[in-house]
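Working notes, structure below.
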Amino acid sequence: MRQGSGANVQNHLYAQVAQLITPYRGKEGVLVHALQDVQRALGYLPEEALYAIADVLQMTPAQVYGVATFYDRFYFQPRGRHLIRVCVGTACHVRGAEKVVGELEGALGIKAGETSPDLVYTLETVNCVGCCALAPVVMVDDRVVARREVLKVVTRLRGEEERG
16 MRQGSGANVQ NHLYAQVAQL ITPYRGKEGV LVHALQDVQR ALGYLPEEAL
66 YAIADVLQMT PAQVYGVATF YDRFYFQPRG RHLIRVCVGT ACHVRGAEKV
116 VGELEGALGI KAGETSPDLV YTLETVNCVG CCALAPVVMV DDRVVARREV
166 LKVVTRLRGE EERG
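In structure tokens, the structure reads:
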């Protein structure tokens, strides 16, 4: 990276964050909404965005970081375009969720909690998705997928990604 180009990226990021959350400035109880808006726009919350949020909302970076790390739905690393969640709650665990996790790890080449290097897939485990009667439950991009269909869906997504 050329010298100075990092500053340009940070300035652009700051401007983008400021545009998103300036309507919240001066209002109480808006930090979670601001974090959600920024994450929705960027896909995750890079460190520089947290500092920009703090500045725009006139808060300390520690306050912003404290709230962002309290909730498990805020992400600090880039995530894949396709999010695959495997429920490992009690009903799903008893009915073989760990085997499903293993199958997906093998098919995707990543471990649970990781994102593929090409940023196509993120694989994560969750405690419950509220579909215990369908256990073990897998969600692909917020769609419940039957266990026997999971690898077919992953293969289809991989094919779509390769075709562009």
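Numbering (the numbering used here), first residue to last: 16 to 179. Using N, Cα and C, we set each Cβ at its ideal position, and we do this for glycine too. Please read all numbers here as calculations on a predicted model, not as lab measurements.
{"Asked": "As assigned by DSSP and simplified to three states, the class of residue 100", "Found": "strand"}
{"Asked": "Three-way DSSP call (helix, strand, coil) for residue 160 in this model", "Found": "strand"}
{"Asked": "For residue 138, three-class secondary structure by DSSP", "Found": "strand"}
{"Asked": "With 16 other Cβ atoms within 10 Å as the buried cut-off, status of residue 132", "Found": "exposed"}
{"Asked": "DSSP-derived helix/strand/coil call for residue 75", "Found": "coil"}
{"Asked": "Identity of the residues DSSP links to residue 105 by a beta bridge", "Found": "None; residue 105 has no bridge partner."}
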